[in-house]
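Quick note on numbering: the working numbering labels position 241 of the sequence shown as 241, and the sequence is numbered without any gaps.
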Amino acid sequence: MNSDTWQAPPTPFKTYQRVDELPARIEKGDLGPWLVPDFPTGEALIERGADSSQLAVLGKISEERWLDALHQRQGVEALVPPEPFDFERRLLIILPTYNEKENLEAMVRAIRQYLVCEILVVDDNSPDGTGKIADRLSEEDARLHVLHREGKEGLGKAYLAGFAWALQRDYEFIYEMDCDFSHAPWDLPRLTAKGLDAELVIGSRYVRGGCTVGWTWHRRLLSKGANLYTKLFLGFGTHDWTAGFRCYRAEALGRIDFERVAASGYSFQIEMAWRIKKAGGRVREIPVHFVDREEGKSKMSRGIALEALRIVPTLRFKR
């Protein structure tokens, strides 16, 4: 990278001045990267249009090390920190898989670049051999675990099995994440930072700074319609009820009776967020860019949407 294409501020703590300048700089074609002192400052930048993949958060990483990394990278690919962010907590990322052989290994490598954590692969007996790949990875990495299930029972059942596994092992934060790169691994530290002051953090497509990439108009209409429908019954405080990129505080999950969770498809996300809220939990959202699948076949279907139509009106009356 040409060193003339990016200049660090005199000190990173002048970032708020840079936040104010950001809209004009974006109009001039300035895409970053953005060196910021902490995650809240980074969130302010993202809300104003900065790409989270171009965010360099100092935290425990020195400015000098970040600058070295910035000047060594090629092109405009996502920034990779000099070392993964370590929040000194027990973190578990759950990756539900069904026919994800094209993505699993690359996703695990990417997660390792951004966050110190453990990973649980919940595989629904994938016919393409995803489970065998997960087993091999677990033999190579003591922080990667595999939970094999007999068959495909839906996203909700897979996550509930993962939650139960995690709660038996005293993790502090538990994450939901797709294995197909629809959810960006560089946003994991942002979810974690926000989760320190919440029971649930949602990576939202529909707050300021969030968006979807590569969606057809009818898929976008289906998603926004489902969220509007949910808001009419459950309230407008949450912008993206159906999002599947999340960080739960384990203590909050432990207060939910999983036997009473009825949804199994994507309406599972709605029900879990509602149960956290109903129990008095703090639900926060951060903007993310949701990118359509890179490899494999999308699991979204009209039947999943119909399930939400049936289940959402009943949630207000569930215990």
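Beta carbons: idealized from backbone N, C-alpha and C, even for Gly. From a predicted model like this one, the values you see are computed outputs, not experimental measurements.
Query                                                                                                                                                             : Result
In angstroms with no decimal places, state the Cα-to-Cα distance between R149 and P33.                                                                            : 42 Å
Going by beta carbon distance, what residues of the same chain come within less than 7 Å of Q72, once the five residues before and after it are set aside?        : none
Can you tell me where the beta strand (DSSP E) holding E285 begins and where it ends?                                                                             : 283-287
Could you tell me which whole beta strand (DSSP E) segments of length 3 or greater appear in the region 91-143?                                                   : 91-97, 118-123
According to DSSP, is I311 helix, strand or coil?                                                                                                                 : helix
Tell me whether Q54 is buried or exposed, calling it buried when 16 or more other Cβ atoms sit within 10 Å of its Cβ.                                             : buried
Got a sec, what are the start and stop residues for the beta strand (DSSP E) G235 sits in?                                                                        : Per DSSP, G235 belongs to no beta strand (DSSP E) and is neither H nor E.
Which residue marks the beginning of the beta strand (DSSP E) containing L35, and which one marks its end?                                                        : 34-36
Look at the alpha carbon of L45 and the alpha carbon of K194, and state the distance between them as a whole number of angstroms.                                 : 15 Å
In the DSSP assignment, find the unbroken alpha helix (DSSP H) run with Y267 in it and report its ends.                                                           : Before going on, a small fix: residue 267 reads as Ser here, not Tyr. Segment 267-278, the alpha helix (DSSP H) holding S267.
Determine the DSSP secondary structure at Y248, reduced to helix, strand or coil.                                                                                 : strand
Mapping the DSSP letters down to three states, classify F85 as helix, strand or coil.                                                                             : strand
Do the region 237-248 and the region 206-214 meet, that is, are 3 or more Cβ pairs less than 8 Å apart?                                                           : yes
Applying the 10 Å Cβ sphere with the 16-neighbour rule, what's the burial state of W274?                                                                          : buried
DSSP three-state label for F258, please.                                                                                                                          : helix
Out of curiosity, what's the CA-to-CA distance linking L221 and G156?                                                                                             : 23 Å
I think P189 touches F85, with their Cβ atoms under 8 Å apart; what is that distance to the nearest whole Å?                                                      : 4 Å
Return helix, strand or coil for A243, following the three-state DSSP convention.                                                                                 : coil
Closest to V291 by CA distance: which of E153, I270, S204 is it?                                                                                                  : S204
Could I get the ranges of all uninterrupted alpha helix (DSSP H) runs contained in the region 137-212, with 4 residues as the minimum, in chain order?            : 155-167, 188-195
Using only CA atoms, which one of T230, A110, L115, L92 lies nearest to V121?                                                                                     : L92
Between N103, L35, D180, which lies nearest to V80 when the distance is taken from Cα to Cα?                                                                      : L35
If A226 and A308 are in contact, beta carbons under 8 Å, what's the gap, nearest whole angstrom?                                                                  : 6 Å
Got a sec, what are the start and stop residues for the beta strand (DSSP E) L55 sits in?                                                                         : 55-57
Applying the 10 Å Cβ sphere with the 16-neighbour rule, what's the burial state of N125?                                                                          : exposed
Are the beta-carbon atoms belonging to E199 and I276 less than 8 Å from one another?                                                                              : yes
For A161, which residues from the same chain have a beta carbon less than 7 Å from its beta carbon, with the 5 sequence-adjacent residues on both sides left out? : V122, L147, R149
Please look up how many angstroms separate the CB atoms of P313 and F236, rounded, as I've assumed it's under 8 Å.                                                : At roughly 16 Å, the Cβ-Cβ gap does not stay under 8 Å, so P313 and F236 are not in contact.
With 16 as the cutoff for other CB atoms within 10 Å, does S62 come out buried or exposed?                                                                        : exposed
Do you know how far the Cα of K231 is from the Cα of C111?                                                                                                        : What sits at residue 111 in the sequence shown is Ile, not Cys. If I take the Cα positions, the gap works out to 32 Å.
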